[in-house]
Amino acid sequence: MKTPASARPLEQIRTDWKSLAPANASIVITATPPAKRTSAEWKKSLGREAFHVLRDEGTEPPGSSPHNNEKRRGIYACAGCGLALFTSEMKFNSGTGWPSFFTSIPGHLATKRDFKLILPRTEYHCIRCEGHHGHLFNDGPKPTGERWCNNGVALRFVPSEAA
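What follows is the structure, encoded as structure tokens:
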């Protein structure tokens, strides 16, 4: 597991994330509620794989996301509603096959206990559209010790203008 490359303090990374968003980006920066959608509307707008993860709480195969190799500066937004969730500065290579982050944008993700396997886990969802993104583990790098293990199909990467 690699340590994140950022040398900036954690609180600065968490609060200064908007500086990575391009001026004309189609991302949502505040967690205002989106319009309610039916299951059929979600299926149409997301596609089969994203629907399986975001709405049915599925998991994509490890190593299947192009986000694993994304190196540009930018914002990772929810593929369901566009809410900004992570930045490139929060990302690290966990070696797990899923995009991983050591922290998230404050107030944009909610956690709950997941009892689908023998051992309980902490899963997390987008606070705006309630889409499932992945699981939170306590085996990440400094400065948080957290690993936000995200399904890549649940994310949309928006490169910053400086990329």
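Per my numbering, residue 1323 is the first one in the sequence shown, and the count goes up by one each step. Cβ coordinates follow ideal geometry from the N, Cα and C atoms, glycine included. Bear in mind the structure is a predicted one, so any value in this text is a computation, not a measurement.
Residues sharing a beta bridge with residue i, DSSP
i	result
Trp1470	Phe1423 and Leu1458
Phe1414	Ser1422
Residues of its chain near residue i, where Cβ-Cβ distance is below 7 Å and the 5 sequence neighbours each way are ignored
i	result
Ile1349	Ala1343, Ile1397, Ala1399, Gly1404, Ala1406 and Val1480
Asp1338	none
Helix, strand or coil at residue i [DSSP, three-state]
i	result
Ile1397	strand
Thr1352	coil
Arg1336	helix
Leu1342	helix
Leu1368	helix
Ala1485	Confidence in Ala1485 is poor, its pLDDT being 44 and thus under 50, which makes the residue's placement unreliable; the coordinate value appears in the next sentence. Ala1485 falls in the coil class under three-state DSSP.
Glu1363	helix
Phe1437	coil
8 Å contact criterion, which residue i and residue j should meet: CB distance rounded
i	j	result
Ser1410	Arg1394	7 Å
Gly1453	Arg1377	7 Å
Buried or exposed by the 16-neighbour rule on C-beta atoms within 10 Å, applied to residue i
i	result
Glu1468	buried
Leu1431	buried
Ala1401	buried
Close beta carbons around residue i, own chain, < 6 Å, minus the five adjacent residues each side
i	result
Gly1380	His1374
Trp1470	Phe1423, Ser1426 and Leu1458
Cys1448	Cys1400 and Leu1405
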